[in-house]
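A.B. asks: Here the protein sequences line up with chains A and B, keeping their order.
In terms of the numbering used here, the first sequence is numbered consecutively and its last residue is 251.
In terms of the numbering used here, the second sequence is numbered consecutively and its last residue is 1330.
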Amino acid sequence: MTNIMEAENVKLSYGDFEALHGITLAFPAKKLTALIGPSGCGKSTFLRCLNRMNDDIDNIKISGKILLENKDIYRTHLDLVALRKKVGMVFQQPTPFPFSVFDNVAYGLRVAGVKDKDLIEQRVIESLKQAAIWEETKDSLQRNALAFSGGQQQRICIARALAVRPEVVLLDEPTSALDPISSSEIEETLMGLKKKYTFIMVTHNLQQASRVSDQVAFLMNGELIEAGSTEQMFLSPEKEITSNYLNGRFG
Amino acid sequence: MAKKEQDLQEVVEQAIAQQKVPHVKFKGINPRNIDIARLTKPSKETRQERWGKGLTALAIVLIGLLIVAIIGFVGMHGLATFFTDKVNIFQFLFSTDWNPGAGPKHVGAAAMIVTSFAVTLLAAMIATPFAIAVALFMTEYESGKRANLLQSVMELLVGIPSVVYGFLGLTVIVPAVRTIFGGTGFGILTATLILFVMVLPTITSLTVDAFKAVPKELRKSSAALGATRWQTIFHVVLRAARARIMTAIIFGMARAFGEALAVQMAIGNAVLMPYNLVSPAATLTSQLTSQMGNTVMGTLPNNALWSLALLLLIMSLVFNFLVHLIGKKS
Ligand SMILES: Nc1ncnc2c1ncn2[C@@H]1O[C@H](COP(=O)(O)OP(=O)(O)OP(=O)(O)O)[C@@H](O)[C@H]1O
Ligand SMILES: [Mg+2]
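Structure follows, in C-alpha cells:
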C-alpha cells in the first residue's frame, strides 16, 4: 500500500494560538481517509493545509512537512496552480458558480488553459457521470447550476473537482448541509469513486465514517490521538479516549 | 360578566370536570384562578401595536399623497403643451427646432434629449472601468487601512455640492478643453468630464457592495480549482456581481441624467444639435435651470419647460424600473 500524501509533524498557529500541535499522518492512495474529532479540534485547519488553502490567512505560521508523491508542497517555488490541480477540494456548503452546469464543471480545465473543446466536453460528461449527477443534468447542461437542489449542487461540485483529474480530493463535511437522502447519494458516489481517487474527508457523522472510509484519524485539541484502519478503529481502538468518542460518550 | 367570558368560564369548568386539565397543585396556576376577564381584553402590547400601525399607515398615506401630487402637477403642466397648446408630440420628441416663444410649431426638444443622453452615457462609460478597478482594488487586493481611506475619499466626493463641481469645471476643465480642442471650451466633453467625477463615487461604492456580496466560498472554490487570483476575479467575481454592477451603473446614469447645476455651468447652454463634443449644447436639465425664471406661468414657453420636466421625471421612473427588472432577473 503506497502513501500518496504524508504529513510530518505539521504545526500551525493562527497568531499566538497554536491550532495544530504537530500532526503526523499518512494517506494511502485510492483510499478514503476520514478525519473525525470534536468541533474546533482542527480538522478543517489540517485539511486546508493539504492544498495550502490556509496560505492567505493573516498571521498564520505553518511548520513541518506535507509530502505529495514524496515532494514537499510547502517548498519554495511550488506551483500553487499545479498543486490545486492535483489536490482538489469540496466544501461543506455546495458552492456552484452562478453559471451553467457545463461551465461550472469545465471551469478548472479552462482556467488551466485547456482550449480543446472536444476534450473539455468529454471531460465534463465523464466527470458528471463519475459524480453520479449525469442523469439529472444531461438535458440541462446549460441551466444555471444554482437552479438545482442542494444535493445535486454538491454532486455538481464534486464533478467540478474531478474534471481536472486530481490525485487527491479533500472534502470538508460534504454532506452536513444536506438531507439524509442526498447524503446517502453522495456517500454512494464516493464509494464508487474510491477506485480512481484518494479522498480525505472531514465528517462529524461517525456512521458515515464507518460506512465509507478505509482509514480513520481521530483528532482532538489539535493533536492526532489515533489513526488506523476503519475496522480496527471502530472495533478495537488502542486508546480509551478514542473508544469513548466513537461510542458517543462525548463530542 | 359578559356572555363570552361566561362561555369561557364554562369551558374551563367542563375541562376540569372531564379531567382534561391535569390537576395542578402549584399555587397560582390552578385553572380556576385564570383571570378570564383580563385574557379577553387586548393587552398593552396589542394596543401599542395598533397605535404603531396607525401612525406608520398615516405617514405612508401622507407621503403617497405628496408623490401623487408631484406627479400630477408635473404631468398636468407638462401635458398642457400637447393638449392646450396643440404641440405635436412627435415634433416635440424628434424636431430640433426649439423656440417656444415663436409658437407651437417650434417646440422640438430633440437636441436636448440627445445631449442629455450623450453626456449621461459618456460619463457612465468613462466612469465604469475606473469604478470597477477601484472597487476591485478595495475589495480583492487591499482590505485594510488603504481601502478604508479610499472609501472615505469616495464618500467625500459624494458629499461635495454640485455647484462646487460646476465651479471647478468652469475654472479648470473649460480652459483646458479650450486650449486643447479650440472653440469656447463649453460643450458635451466638458460636461461629461465633470459628470464623470460626480458619478464615479456613486458607481464605485455600489460596485464595492456588489463585490462584497459575492460569497467568499466562491472565491475559495475557484482558488481550489487552480485558478489564479485574476482568473477568479475575472471569471467568478465579476460574473457573480454582474447584475449588481449593472444596477450601480444605472444609479450613476440616473444621477448624471438629473444633474442640473454643474452641467449648466459647463455645457454652453445653446439649444443646438451637437455635431461634435466641444460645441456648446444644452441638456434637458440645463435648459430648465437656465430658463425657468424667464417664462410666465401658463404660457407656451412655460408649459414647454414643464414638458422637459415631465420627460426627466419619466426617465427617472425608467431608471428605477430598470433597476427593479435587473433585481428580479437575478
Ligand atoms: N482563520 C482562523 N483564525 C483564527 N483561528 C482560527 C481560524 N480558523 C480556525 N481557527 C481556530 O482553530 C481551531 C480549529 O478550527 P477548525 O475550524 O480547524 O476546527 P474543526 O475541527 O474543523 O471544527 P468543526 O468540526 O466545528 O468544523 C479552532 O479553535 C478555531 O477557533
Ligand atoms: Mg470544520
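The beta carbon of each residue, even a glycine, is placed where N, CA and C say it ideally should be.
Model, not experiment: these values are computed from the prediction.
Would the stretch 1044-1054 of chain B and the stretch 1275-1285 of chain B be scored as touching if the rule is three or more Cβ pairs under 8 angstroms?
C.D. replies: Segments in contact, no.
A.B. asks: Return the residue from the list MET5(A), GLU121(A) and LEU224(A) that minimises the CA-CA distance to ASN70(A).
C.D. replies: Per the Cα distances, MET5(A).
A.B. asks: Please report how far the alpha carbon of THR1283(B) lies from the alpha carbon of ASN1302(B), in whole angstroms.
C.D. replies: Between THR1283(B) and ASN1302(B), the C-alpha separation is close to 17 angstroms.
A.B. asks: Would you call GLU238(A) buried or exposed, if buried means 16 or more other Cβ atoms sit within 10 Å of its Cβ?
C.D. replies: Exposed, by the Cβ-count rule.
A.B. asks: Which whole-angstrom value describes the C-beta separation of ALA263(A) and VAL216(A), a residue pair presumed to lie in contact below a C-beta threshold of 8 angstroms?
C.D. replies: Here chain A comprises residues numbered 1 to 251, so residue 263(A) is not present and cannot be evaluated.
A.B. asks: For TRP1098(B), which beta-bridge partners are listed by DSSP?
C.D. replies: VAL1107(B), per the DSSP bridge assignment.
A.B. asks: Report, in whole angstroms, the separation of the C-beta atoms of ARG52(A) and ILE73(A), which I expect to be a contact under 8 angstroms.
C.D. replies: ARG52(A) to ILE73(A), Cβ: 6 angstroms. Contact.
A.B. asks: Once you ignore the five residues that flank ASP179(A) on each side, which residues in its own chain have a CB closer than 8 angstroms to its CB?
C.D. replies: Counting only Cβ-Cβ distances below 8 angstroms, and skipping sequence neighbours, we find GLY150 and GLY151.
A.B. asks: Would you say TYR107(A) reaches chain B, if we count a Cβ-Cβ gap shorter than 8 angstroms as a contact?
C.D. replies: At least one chain B Cβ lies under 8 angstroms of TYR107(A).
A.B. asks: In chain order, what residues of the same chain lie with their CB nearer than 6 angstroms to the CB of ALA1262(B), ignoring the 5 residues before and after it?
C.D. replies: Answer for ALA1262(B): SER1162, TYR1165, GLY1166 and ILE1194, listed in chain order.
A.B. asks: Are at least three pairs of beta-carbons, each pair with one atom in the stretch 1216-1232 of chain B and one in the stretch 79-88 of chain A, less than 8 angstroms apart?
C.D. replies: Yes, the stretch 1216-1232 of chain B is in contact with the stretch 79-88 of chain A.
A.B. asks: Going by DSSP, what residue range makes up the alpha helix (DSSP H) through LYS1053(B)?
C.D. replies: It spans 1044-1083 - the alpha helix (DSSP H) in which LYS1053(B) sits, taken as one unbroken run.
A.B. asks: Would you mind stating whether LEU1206(B) and ALA1248(B) have Cβ atoms separated by less than 8 angstroms?
C.D. replies: Against a cut-off of 8 angstroms, the Cβ pair of ALA1248(B) and LEU1206(B) comes out as a contact.
A.B. asks: With 16 as the cutoff for other CB atoms within 10 Å, does PHE218(A) come out buried or exposed?
C.D. replies: Per the 10 Å Cβ criterion, buried.
A.B. asks: Which residues end up in the neighbourhood of ligand 2 when you take C-beta atoms closer than 7 angstroms to any of its heavy atoms?
C.D. replies: Chain-ordered list of matching residues: LYS43(A), SER44(A), ASP172(A), GLU173(A) and VAL202(A).
A.B. asks: Relative to the C-alpha of PRO166(A), which candidate in ALA159(A), ASP116(A) and VAL87(A) has its C-alpha closest?
C.D. replies: It is VAL87(A).
A.B. asks: With a threshold of 7 angstroms, establish whether the CB of CYS157(A) neighbours any heavy atom of ligand 1.
C.D. replies: The answer is no for CYS157(A).
A.B. asks: Measure from the C-beta of THR1228(B) to each C-beta in chain A and report whether the shortest distance is under 8 angstroms.
C.D. replies: Yes, its Cβ sits closer than 8 angstroms to a Cβ of chain A.
A.B. asks: List, in chain order, every chain A residue whose beta-carbon is nearer than 8 angstroms to that of ARG1239(B).
C.D. replies: In chain order: PHE97, PRO98 and PHE99.
A.B. asks: Mind the definition here: the stretch 1119-1134 of chain B touches the stretch 1318-1325 of chain B only if three or more C-beta pairs lie below 8 angstroms; say whether that holds.
C.D. replies: The stretch 1119-1134 of chain B vs the stretch 1318-1325 of chain B: no contact.
A.B. asks: Shortest alpha-carbon distance to GLY22(A) belongs to which of LYS65(A), ILE186(A), TYR14(A) and ASP139(A)?
C.D. replies: The shortest Cα separation from GLY22(A) among LYS65(A), ILE186(A), TYR14(A) and ASP139(A) belongs to LYS65(A).
A.B. asks: Distance, Cα to Cα, LYS61(A) vs SER236(A)?
C.D. replies: About 36 angstroms.
A.B. asks: I need the straight-line Cα distance from PHE99(A) to ALA131(A), nearest angstrom please.
C.D. replies: Answer to the nearest angstrom: the Cα atoms are 19 angstroms apart.
A.B. asks: Which partner residues does LYS71(A) have in the DSSP bridge list?
C.D. replies: LYS71(A) is bridged to LEU68(A).
A.B. asks: Taking Cβ to Cβ, would you say THR95(A) is nearer than 8 angstroms to SER1221(B)?
C.D. replies: Yes, they are a contact pair.
A.B. asks: Ordered along the chain, which non-local residues of its own chain (more than five positions away) have a Cβ less than 7 angstroms from that of GLN93(A)?
C.D. replies: Closer than 7 angstroms at the Cβ level, and outside the excluded window around GLN93(A), lie ALA177.
A.B. asks: At least one CB of chain A closer than 8 angstroms to the CB of ALA1262(B): is that the case?
C.D. replies: False, the Cβ-Cβ gap to chain A never drops below 8 angstroms.
A.B. asks: Give a single yes or no on whether PHE17(A) has its beta carbon closer than 7 angstroms to a heavy atom of ligand 1.
C.D. replies: True, at least one ligand heavy atom lies under 7 angstroms from that Cβ.
A.B. asks: Indicate whether at least one CB of chain A lies closer than 8 angstroms to the CB of VAL1236(B).
C.D. replies: Chain A, which has a Cβ nearer than 8 angstroms to the Cβ of VAL1236(B), makes this yes.
A.B. asks: Can you check DSSP and say which residues form a bridge with ALA7(A)?
C.D. replies: In DSSP, ALA7(A) forms a bridge with LEU25(A) and ILE66(A).
A.B. asks: Among ALA1037(B), ILE1250(B), LEU1008(B) and PHE1186(B), which one has its Cα closest to the Cα of MET1265(B)?
C.D. replies: Nearest option by C-alpha distance: PHE1186(B).
A.B. asks: Pull out every residue of the stretch 41-74 of chain A whose Cβ sits closer than 7 angstroms to any Cβ of chain B, in chain order.
C.D. replies: The residues in question are ASN51 and MET53.
A.B. asks: Which chain B residues are close to ARG84(A), counting only those with a beta carbon under 8 angstroms from its beta carbon?
C.D. replies: Correct list: ALA1223, ALA1224, LEU1225 and GLY1226.
A.B. asks: Tell me, to the nearest whole angstrom, how far the beta carbon of THR33(A) is from that of SER213(A); I am working on the premise that it is less than 8 angstroms.
C.D. replies: Rounded, the Cβ-Cβ distance is 6 angstroms, consistent with contact.
A.B. asks: List the endpoints of the continuous beta strand (DSSP E) containing VAL90(A).
C.D. replies: Element bounds for VAL90(A): 87-90.
A.B. asks: Look at VAL1074(B) and LEU1310(B) and say whether their C-beta atoms are less than 8 angstroms apart.
C.D. replies: In this structure, LEU1310(B) lies closer than 8 angstroms to VAL1074(B) by Cβ.
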